[in-house]
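A short worksheet on the structure shown next.
Below, the structure is given as structure tokens:
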């Protein structure tokens, strides 16, 4: 019987994969003129809620995302990945906690929609506006932007060295599945890295200029910037496809990932 942390982790990867697939699919649809929209994770969750049995699906997504948070916290606290306690290891483990908190908030959002107690479609940028109100706030915002850029570069490096393949139980995968995992991971991580670099770059720019008039604070904003460029529809189609690849990568982790939790 799998450990309870493993069950929550697998459910979390699958829920996360579903959300990113919806984001990518909607962007791809928009790019090819087949409907769709530019949407971030919250928009994707709203879209899921509009499907048949939407509230049930939202409940499952919420459980999965909260389970992903539990897995991230165990990763950080128990060092299941063997990252250690040097500066690099602490940075990675801190990243797990930050990631877990962000998906916890997303899980609560899905749960609130499932229960019918969240109706707002907007997202507040009051936090960024508050930080821009002082020199120290702008410094903090600049550091956040630099950190997001660093995370984007890290995604690109992961795509290049394909070390993510070591996280799979390769013995349980056919050669075809290994190939899909490799290419979906590389394309997906690269795409997510580009989005992070865009978001971080605009946060850093806002901090330097002291204005949030051109906010890019999330995935939907990054997609909007991509769509506004020359050949925007082509770029948006490529990005949407890349996000769907990232979703496949995440879904495969939910099925085949090794969870080092047997000694917990």
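Residue numbers (the UniProt record's numbering): 1 to 264.
Heads up, the beta-carbon is just placed ideally off N, CA and C, and yes, glycines get one too.
Check your understanding: In chain order, what residues of the same chain lie with their CB nearer than 6 Å to the CB of residue 9, ignoring the 5 residues before and after it?
Key -> The residues are 71, 259.
Exercise for review: Rank 144, 249, 139 by C-alpha distance to the C-alpha of residue 177 and give the top, closest one.
Suggested key: With respect to the C-alpha of residue 177, the residue from 144, 249, 139 having the closest C-alpha is 249.
Point to revise | Rounded separation between residue 97 and residue 77 - CA only | key: Rounded to whole angstroms, residue 97 to residue 77 spans 9 Å at the Cα level.
Practice item. Starting from the C-beta of residue 14, find all residues in its chain whose C-beta is less than 7 Å away, skip the five residues before and the five after it, and write them out in chain order. Key: Take residue 14, set aside five residues on each side of it, and the residues of its chain with a beta-carbon closer than 7 Å to its own are 64, 251, 254, in chain order.
**Study point:** Distance between residue 200 and residue 117 (C-alpha atoms, nearest Å)
**Key:** Distance between the alpha carbons of residue 117 and residue 200: 32 Å.
Point to revise | Whole alpha helix (DSSP H) elements within the UniProt domain "DUF1206" (187–257), 4-residue minimum | key: If we require 4 residues or more, the alpha helix (DSSP H) runs fully inside the UniProt domain "DUF1206" (187–257) come out as 219–227, 232–256.
Practice item. Could you tell me the distance, in whole angstroms, from the CA atom of residue 170 to the CA atom of residue 208? Key: C-alpha of residue 170 to C-alpha of residue 208: approximately 46 Å in a straight line.
Check your understanding: Excluding the five sequence neighbours on either side, which residues of its own chain have a C-beta within less than 7 Å of the C-beta of residue 114, listed in chain order?
Key -> 55, 58, 59, 62.
**Study point:** Endpoints, alpha helix (DSSP H) assigned at residue 69
**Key:** That run of the alpha helix (DSSP H) goes 54–78.
Check your understanding: To which residues of the same chain is residue 4 closer than 7 Å at the C-beta, ignoring the five residues directly before and after it?
Key -> So no residue of the chain qualifies.
Point to revise | Pairwise C-alpha distance: residue 174 and residue 103 | key: Approximately 31 Å, taken between the alpha carbons.
Practice item. Measure from the alpha carbon of residue 266 to the alpha carbon of each residue in 168, 156, 218, then state which is nearest. Key: Here the chain has residues from 1 to 264 only, and residue 266 is not among them.
Check your understanding: Around the C-beta of residue 20, are 16 or more other C-beta atoms found within 10 angstroms, so that it is buried, or is it exposed?
Key -> Residue 20 should be labelled buried.
Review point. Alpha carbon to alpha carbon, what distance is there between residue 262 and residue 87?
Key: The alpha-carbon atoms of residue 87 and residue 262 are separated by roughly 26 Å.
Review point. Bridge partners of residue 168, per DSSP?
Key: The bridge partners DSSP lists for residue 168 are 257.
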